[in-house]
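The opening residue of the sequence shown carries number 1 in UniProt numbering; numbering runs sequentially from there.
Each residue gets a CB set at the ideal place from its N, CA and C atoms; glycine is no exception.
Only a predicted model underlies this, so the values are computations on that prediction, with no experimental measurement involved.
Take a look at the structure set out below.
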Amino acid sequence: MKVAIVSGSVYGTAEEVARHAERQLKAAGLDAWHKANMSLDELLAFAPDALLTVTSTTGMGELPDNLLPLYSELRDRLPAMAGRPAAVLALGDSSYDTFCGGGELMRELYAELGLREAVEMLRLDSSETVTPESDAEPWLQALATALKG
Ligand SMILES: Cc1cc2nc3c(=O)[nH]c(=O)nc-3n(C[C@H](O)[C@H](O)[C@H](O)COP(=O)(O)O)c2cc1C
């Protein structure tokens, strides 16, 4: 099972969590691959069976600049990925009304692509935790189980 991990990050936290996710999914026996600033052609060349997005939110509920090119390419080209499993790990701050809005944008895009949400989106709140990597571990384990099942 090939899992592409795309990430969007302003200050590097989501980037770090994405690298952690790659290590953990590999340890669980999945062929996980993460690359920051991935283009759609790179994503399609990997031929993923499943997609994981790890993204923070910036502005007022917006995606980080380094995920916008891939987001736009996916929306414009709508590659045939329907039915494949996908998941979103969203980092945000609940003091914003638009808590995890970037993650929500990716979920909407998944729906447009016909991707199936393998596990419910995880929202990590930076106003409550300073250890997002370890906080994500149980959810990543559940994702690995869902993908292997
Ligand atoms: C300028 C700015 C705007 C932000 N806007 C939002 C927002 O609209 N919604 C949200 O949930 N979090 C928002 N956040 C919080 C970040 O998403 C959160 O701190 C995240 O952990 C940062 O991850 P990163 O280091 O990968 O960018 C904002 C943070 C900053 C600095």
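Check: Buried versus exposed, by CB contacts within 10 Å (16 or more), A50; Outcome: buried
Check: Integer Cβ distance of residue 183 from S56, believed to fall under 8 Å; Outcome: Only positions 1 to 149 of the chain appear in this structure, which leaves residue 183 out of reach.
Check: Heavy atom of ligand 1 within 7 Å of S9 beta-carbon; Outcome: yes
Check: Proximity to Y110 [Cα-Cα], best of Y71, P132, P138, W139; Outcome: Y71
Check: Contact under 8 Å by Cβ, S95 with S134; Outcome: no
Check: Beta strand (DSSP E) runs contained entirely in the UniProt domain "Flavodoxin-like" (3-144), provided each spans 3 or more residues; Outcome: 31-34, 50-55, 85-92, 122-125
Check: Euclidean distance between Cα positions of R23 and M81; Outcome: 24 Å
Check: Residue environment, L68, which counts as buried when at least 16 other CB atoms sit within 10 Å; Outcome: exposed
Check: Distance cut-off 7 Å: A14 Cβ against heavy atoms of ligand 1; Outcome: yes
Check: Among N66, L91, V130, G83, nearest to R116 - alpha-carbon criterion; Outcome: G83
Check: Contact belief for L63 with A21 at Cβ below 8 Å, rounded distance in angstroms; Outcome: That pair is no contact at about 18 Å.
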